[in-house]
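Colleague: Take this structure, written in structure tokens, and hold onto it; I'll ask about it next.
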Amino acid sequence: MAEPKRLFDLIPFQIENYPIKNCISDKKNDQWVSFGTEEVQSIIDKFGLGLLKLGVNPGDKLAIISPNRTEWNFVDLGILQIGCVDVPIYPNISVEEYEYILNDAEVKYVFVANLDLYQKISSVKHKVKSLIEIYTFDKLEGKKHWKEILEIADESLRDRLNQIKESVKSDDLATIIYTSGTTGTQKGVMLSHKNILSNVNSIQQIMPINNSHRAISFLPICHIFERTAVYYYMKIGAAIYYAESIEKVGDNLKEIKPNYFTTVPRLLEKIYDKIMEKGRELKQPKQAIFGWAVNLANHYHPQGKNNWFYNLRLWAARKIVFSKWIEALGGEVKGIISGAAALQPRLGRIFTAAGVNIVEGYGLTETSPVITCNRFEDYYIGTVGHPIPDVQIKLADTGEILTKGPNVMLGYYNKPEETKAVFDEESWFHTGDIGVMVNDKYLKITDRLKEVFKTSGGKFIAPLPIENKMKESLFIRNIIVIGENQKFCAALIVPEFDFIKKWCEKKSVQDYIQKGISQSDTIKERIWKEIQHYNKRFSHIEQVKKFELVDKDWTVDSGELTPTLKLKRKVIMKNYEKLIDKIYSEPLNTN
Numbered sequence: 002m003a004e005p006k007r008l009f010d011l012i013p014f015q016i017e018n019y020p021i022k023n024c025i026s027d028k029k030n031d032q033w034v035s036f037g038t039e040e041v042q043s044i045i046d047k048f049g050l051g052l053l054k055l056g057v058n059p060g061d062k063l064a065i066i067s068p069n070r071t072e073w074n075f076v077d078l079g080i081l082q083i084g085c086v087d088v089p090i091y092p093n094i095s096v097e098e099y100e101y102i103l104n105d106a107e108v109k110y111v112f113v114a115n116l117d118l119y120q121k122i123s124s125v126k127h128k129v130k131s132l133i134e135i136y137t138f139d140k141l142e143g144k145k146h147w148k149e150i151l152e153i154a155d156e157s158l159r160d161r162l163n164q165i166k167e168s169v170k171s172d173d174l175a176t177i178i179y180t181s182g183t184t185g186t187q188k189g190v191m192l193s194h195k196n197i198l199s200n201v202n203s204i205q206q207i208m209p210i211n212n213s214h215r216a217i218s219f220l221p222i223c224h225i226f227e228r229t230a231v232y233y234y235m236k237i238g239a240a241i242y243y244a245e246s247i248e249k250v251g252d253n254l255k256e257i258k259p260n261y262f263t264t265v266p267r268l269l270e271k272i273y274d275k276i277m278e279k280g281r282e283l284k285q286p287k288q289a290i291f292g293w294a295v296n297l298a299n300h301y302h303p304q305g306k307n308n309w310f311y312n313l314r315l316w317a318a319r320k321i322v323f324s325k326w327i328e329a330l331g332g333e334v335k336g337i338i339s340g341a342a343a344l345q346p347r348l349g350r351i352f353t354a355a356g357v358n359i360v361e362g363y364g365l366t367e368t369s370p371v372i373t374c375n376r377f378e379d380y381y382i383g384t385v386g387h388p389i390p391d392v393q394i395k396l397a398d399t400g401e402i403l404t405k406g407p408n409v410m411l412g413y414y415n416k417p418e419e420t421k422a423v424f425d426e427e428s429w430f431h432t433g434d435i436g437v438m439v440n441d442k443y444l445k446i447t448d449r450l451k452e453v454f455k456t457s458g459g460k461f462i463a464p465l466p467i468e469n470k471m472k473e474s475l476f477i478r479n480i481i482v483i484g485e486n487q488k489f490c491a492a493l494i495v496p497e498f499d500f501i502k503k504w505c506e507k508k509s510v511q512d513y514i515q516k517g518i519s520q521s522d523t524i525k526e527r528i529w530k531e532i533q534h535y536n537k538r539f540s541h542i543e544q545v546k547k548f549e550l551v552d553k554d555w556t557v558d559s560g561e562l563t564p565t566l567k568l569k570r571k572v573i574m575k576n577y578e579k580l581i582d583k584i585y586s587e588p589l590n591t592n
């Protein structure tokens, strides 16, 4: 068949070009269950016929709230092929957010993964006038199961199904994705079939993944980054395996032995921290060899300007040490694509030197999502690469990144004024991110326009580069730099609790036992040394002058991180208002 024009054309395209037995797979009852390409299409068709029998009409909105699993794809593509609009929602947001989204999108049917999600949606059902019914993916007593829709599939409606498929245009609205809301109220981003497929097609031109490869998926599929990646795998015929959970990714990597996967920087940081922790537990001389290899990787020049002696030592390090890193990732990984937030350049350098090729890309929900991306054969660590095919970028006078292309959204649902505000007279989309060009080719993100703040002295501060550098410390798990309308920059820090406990045991530090890590004077003094070390990289006005430790991690469940693990700055600053007041009410020690 011709190139896919609608998202539901992807599976028929795979059937014609490279049908596989493991099109999509997940674990059920501790066993991997795979669905072949033709079986996937058969289930999608049945689901579409069942929805029509149920009385669902083109244009209706249906929501999916579930972690990654094969049912997600069946429902998603079944919804799209009858001309409906799907509304994917994160499975770990608040009940109030569910109520807002379901009302804003006027959702008629909701498909949830489990009992917990069923109860949450059921609790607000009476407040959502449009909502007719809730279906579950897990089999739950007394609850409607999604397979009931397969069971009412009526073959007499096949002609109508085909007619609707034919009537769906590539420019038609396919999905409404609500942004994670780092800077304010959630907005529904409207993306067409063409928006997302243009991104799939552009990625296909620059990525080396093909139908002989396996990919593991563990980022939320409701996020456009992972969702577009899954559609891309479908188009090229790569086998897709859904990890059981973030906690079990390590085990699943060894089982699946993937060749490629997408990730976010925070997960790479966690992998790196675990590797380093194991390295520190080694006995001599193995610990010394491990340290030698990591130090060598830290001085790797990604553009290939390493001398022959360095390359010889790196070859030895890969054989002796880094081969075990690759084994931990399944043993057959060829490449990793990182996105959704800034990757520490140090991590990109070390993993690449170790033989794990990591490329970083950049985009937004509003751009389906990819705007720029490094290539595996053409990359510059510390940047997000150059534009993907068919996409343009330019920098405004303020440094804001502007973009144009077939991937740019239709607009914000029910928000014409906000839509108008992000497009200029020449139809350039304003990303809200600030960047610079490196070597006139590679884009480097320097900060988020809305996150840049001004001190009381009138100096602008971009917190992101400071935070990324500080997080290189083994003592710092997370950090937010503050200082708007204040005389100096300060920070709230989530300490790296597990590492610090072991450090305390090794150094015979006792005060944390009575006071807790966040109140220990010894630990505060040690973290202050870390801050002073990294402060040297920044101008005087950008340096962190004071800090406070918080006593618990920031998480998605606590509402302080987005589902892609970015800081929700307003939430954190509200939650720690008293601690921030303490920072700025006490005099600054200038010694």
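To convert a position in the sequence shown, counted from 1, into my numbering, add 1.
For glycine and all other residues, C-beta sits at the position ideal for the given N, C-alpha and C.
Source: prediction; values computed, not measured.
1. Going by beta-carbon coordinates alone, are VAL88 and VAL125 separated by less than 9 Å?
2. Within 8 Å: the Cβ of GLN487 and any heavy atom of the ligand FMN?
3. Have a look at LYS470, VAL572 and TYR413 and flag the residue whose alpha-carbon is nearest the alpha-carbon of ASP558.
4. If the criterion is Cβ atoms closer than 9 Å, does the pair LEU1 and GLU578 meet it?
5. Does the segment 229 to 247 come into contact with the segment 205 to 221, if we say contact requires no fewer than three beta-carbon pairs (one atom in each stretch) closer than 8 Å?
6. Roughly how many angstroms lie between the CA atoms of ASN576 and CYS24, to the nearest whole one?
7. Going by C-alpha to C-alpha distance, which of ILE207, ASP105 and GLN533 sits closest to LYS470?
8. Where does HIS300 sit, in a helix, a strand or coil, going by DSSP?
9. Using three-state DSSP, classify TRP529 as helix, strand or coil.
10. Where does HIS194 land, buried or exposed, given buried means 16+ other C-beta within 10 angstroms?
11. Rounding to the nearest angstrom, what Cα-Cα distance links ASN592 and ILE524 in this structure?
12. Tell me the rounded alpha-carbon separation between GLU86 and GLY60.
13. When the Cα atoms are used, what is the spatial distance from TYR598 to ASP425?
14. Any idea if ASN479 is buried or exposed, counting beta-carbon neighbours within 10 angstroms, 16 or more meaning buried?
15. If you drop the 5 nearest sequence neighbours on each side, which residues of the same chain put their C-beta closer than 6 Å to that of SER521?
16. Per the contact definition of three or more C-beta pairs closer than 8 Å, is the segment 48 to 64 in contact with the segment 106 to 124?
17. For ASP46 versus ALA175, is the C-beta distance shorter than 9 Å?
18. Would you mind reading off the limits of the beta strand (DSSP E) that contains VAL551?
19. Between which two residues does the beta strand (DSSP E) harbouring THR540 extend?
20. If contacts are defined as beta-carbon pairs under 8 Å, then VAL265 and ALA341 qualify, I think. What distance do you get, rounded to the angstrom?
21. Just to confirm before moving on: does the CB-CB distance between THR263 and ILE337 stay below 9 Å?
22. Ends of the beta strand (DSSP E) at PRO496?
23. Tell me the residue span of the alpha helix (DSSP H) that contains GLU270.
24. Please classify THR176: does DSSP put it in a helix, a strand, or coil?
25. Pull up the distance between the alpha-carbon of ASP554 and that of GLU452, whole angstroms please.
26. Taking only runs of the beta strand (DSSP E) that begin and end inside the segment 364 to 435, which ones reach a length of at least 3 residues, in chain order?
27. Shortest alpha-carbon distance to LEU202 belongs to which of GLN187, ILE178, ASN212 and TYR232?
28. Output needed for THR447: all residues of its chain with C-beta closer than 8 Å, excluding positions within five of it in sequence on either side, in chain order.
29. Let me check understanding here. Comparing Cα to Cα, which of ILE12, GLY406, ASN536 and PHE489 lies closest to ILE44?
30. With 16 other CB atoms within 10 Å as the buried threshold, where does VAL439 fall?
31. Can you name the residues that DSSP bridges to PRO89?
32. Taking the continuous alpha helix (DSSP H) assigned at SER43, which residues delimit it?
33. Can you give me the C-alpha to C-alpha distance between VAL41 and GLY51, rounded to a whole angstrom?
34. Tell me the DSSP secondary structure of SER123 in three-state form.
35. Determine the DSSP secondary structure at GLU587, reduced to helix, strand or coil.
Modeller: Let's see:
1. no
2. The ligand FMN is not among the ligands present in this structure, which contains no ligands whatsoever.
3. VAL572
4. A query on residue 1 cannot be resolved here, the shown segment of the chain reaching from 2 to 592 and no further.
5. yes
6. 44 Å
7. GLN533
8. coil
9. helix
10. buried
11. The pLDDT assigned to ASN592 is 47, lower than 50, so where the model puts this residue is not dependable; a value taken from the coordinates is nonetheless given after this. Cα to Cα, the separation comes out at about 19 Å.
12. Looking at the sequence provided, one finds Val at residue 86 rather than Glu. Cα to Cα, VAL86 sits roughly 6 Å from GLY60.
13. Nothing can be reported for residue 598, as the shown portion of the chain is limited to 2 through 592.
14. buried
15. ASP512 and TYR513
16. yes
17. no
18. From DSSP, VAL551 is part of no beta strand (DSSP E); its letter is neither H nor E.
19. For clarity, residue 540 is Ser in the given sequence; the question names Thr instead. That residue, SER540, is in no beta strand (DSSP E); it is neither H nor E in DSSP.
20. 5 Å
21. yes
22. 490 to 496
23. 266 to 281
24. strand
25. 21 Å
26. 371 to 374, 393 to 396 and 401 to 405
27. For the sequence presented, residue 202 should be read as Asn rather than Leu. The shortest C-alpha separation from ASN202 is found at TYR232.
28. GLY400, ILE435, GLY436, VAL437, ALA463, LEU465 and PRO466
29. ILE12
30. exposed
31. ILE65
32. 38 to 55
33. 15 Å
34. helix
35. coil
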